[in-house]
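Since the structure comes first, as structure tokens, the remarks are kept for the end.
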Amino acid sequence: MSDLFSDLTAPDVALVCEGGGTRNSFTAAAVHELMTHDIRFGWIGGVSAGASHTVNYLSHDPARTRESFVEFSASPASGGVGSLIRGDGYFNAEYIYETAGLPGNDLPFDFDAFTADPTPFRIGATHALTGETVTWGREDITTLESLLKRVRASSTLPVIMNMPEVDGEPYVDGALGDNGGIPVDAAEADGFERFLVLCTRPRDYVRPEVKHPAAVRRLLSRYPTVAERIIARPTRYNRTKRRLLELEKQGRAYLFFPDQMRINNTERNPDKLKAAYYDGLVQTQHEWDRWMEFLAG
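Counting from 250, one number per residue, gives the positions in the sequence shown under the numbering used here.
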């Protein structure tokens with residue numbers, strides 16, 4: 250990892266963050282290193298857990314980036330079976346994404362630093378009634394609470410997290426949207442043609458079809474559109490993956506795929522989360538000079 254590549258700005262490159270629940274402990278290491286070396290982009294966007302990477306990057310808080318997906322994710326207050334029994338969801342999304350981020354609480358978010366950074370951003374969610382893919386940017390954020398609510402909406406896994414409302418409308422995970430969980434389409438819609446994409450699945454991963462679609466429809470009978478979005482997600486995800494690989498062939502994208510991913514998206518074991526973060530750090534350092542050559546190109 251070369252010290253030659255610090256304080257670099259790549260205004261023509263979009264940083265795209267895939268979701269993946271606590272698998273994002275791996276890519277948290279990459280975001281941490283980008284911040285500590287003051288690498289800046291022309292745009293940043295993410296859905297689901299990638300939305301947390303997005304706002305943490307814009308608040309210039311490397312420590313929060315790590316803690317969000319390592320120590321904090323393992324905290325009993327963040328969820329577990331007890332939380333599910335109490336009706337707060339297996340992951341207590343209200344606490345994780347809203348309450349904890351308020352001043353003086355467990356994971357305070359620096360809203361002043363966030364608003365001072367002019368970098369355009371997008372975070373996406375899925376409307377629970379219509380299935381519409383919705384993206385939010387700076388024009389939608391007026392207060393800390395309005396930001397945290399949208400990050401929560403983008404990250405809300407159906408069934409295991411309680412569904413929030415934004416402006417009176419219910420939303421679920423942005424990974425159920427049109428891009429399947431990797432929002433390169435939002436960056437392209439905003440005019441970007443070059444991308445550094447932080448992925449949470451290995452290069453050869455192909456998302457399999459949902460095994461029991463009828464069971465999904467029964468489980469989500471109150472939200473049939475969400476059920477259909479879950480069933481259709483493999484097609485959307487795999488289509489986006491093919492698009493990314495084509496962009497890579499064209500030299501327009503650098504794709505950061507985990508060489509190994511040892512945890513699933515609901516992992517809460519602190520040792521396993523730390524190991525995933527360390528894996529991400531080692532791989533980031535190994536690929537760093539290639540990243541910087543791409544960004545400077």
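Cβ atoms here follow ideal geometry from the backbone N, Cα and C, with glycine treated the same way. As the structure is a prediction and not an experimental result, all values here were calculated from the model.
Query                                                                                                                                                        : Result
Which residue's Cα is closest to the Cα of F543: A525, F505, R511?                                                                                           : F505
Considering only C-alpha positions, which residue in the set D434, K521, N513, D508 is nearest to W292?                                                      : D434
Where in the stretch 424 to 449 do unbroken runs of the beta strand (DSSP E), each at least 3 residues long, occur, reported from the N-terminal end onward? : 443 to 447
Is V262 closer than 7 Å to L445 when the C-beta atoms are compared?                                                                                          : yes
Can you check whether the CB of E267 is closer than 7 Å to the CB of G299?                                                                                   : yes
Within 10 angstroms of its Cβ, does G529 collect 16 or more other Cβ (buried), or is it exposed?                                                             : buried
Would G430 pass as a contact of A424 if the rule is Cβ separation under 7 Å?                                                                                 : yes
Is it true that the CB of G386 sits closer than 7 Å to the CB of R478?                                                                                       : no
Tell me whether G350 is buried or exposed, calling it buried when 16 or more other Cβ atoms sit within 10 Å of its Cβ.                                       : buried
Contact defined as beta carbons within less than 8 Å: I believe H376 pairs with Y346. What is the distance between those atoms, to the nearest angstrom?     : Going by Cβ atoms, the distance from H376 to Y346 rounds to 18 Å, so no, they are not a contact pair.
Buried or exposed: V531, going by 16 or more other Cβ atoms within 10 Å of its Cβ?                                                                           : exposed
Tell me where the beta strand (DSSP E) around R314 begins and ends.                                                                                          : Per the sequence shown, residue 314 should be read as Thr rather than Arg. From DSSP, T314 is part of no beta strand (DSSP E) but of the alpha helix (DSSP H) over 311 to 318.
Which residues does DSSP list as the beta-bridge partners of A502?                                                                                           : F444
With a cut-off of 7 Å, does the C-beta of A326 fall near any C-beta of chain C?                                                                              : Absent here is chain C; the protein component of the structure consists of one chain.
Since F290 and T368 are thought to touch, with beta carbons under 8 Å apart, how far apart are those beta carbons, to the nearest angstrom?                  : 7 Å
Should R466 and A476 be called a contact, given that it needs their Cβ atoms to be closer than 7 Å?                                                          : yes
If I'm right that G294 touches F370 with Cβ under 8 Å, what's the distance once you round it to whole angstroms?                                             : 6 Å
At what residues does the alpha helix (DSSP H) containing D261 begin and finish?                                                                             : Careful: D261 lies outside any alpha helix (DSSP H), inside the beta strand (DSSP E) at 258 to 266.
Per DSSP, F370 forms a beta bridge with which residues?                                                                                                      : I293
Taking all protein chains shown into account, decide if L494 is buried (16 or more other Cβ within 10 angstroms of its Cβ) or exposed.                       : exposed
Would a C-beta distance cut-off of 7 Å place N514 and G270 closer than the cut-off?                                                                          : yes
Per DSSP, which residues does V243 bridge with? Please list them.                                                                                            : Outside the displayed range of the chain (250 to 546) lies residue 243, so it cannot be described from this structure.
Can you tell me the Cα-Cα spacing of K490 and P325, whole angstroms?                                                                                         : 35 Å
S301 to L307, Cα distance in whole Å?                                                                                                                        : 10 Å
By DSSP, does T379 sit in helix, in strand, or in coil?                                                                                                      : coil
Only counting the same chain, and skipping five residues up and downstream in sequence, which positions put a Cβ closer than 8 Å to that of R539?            : Y503
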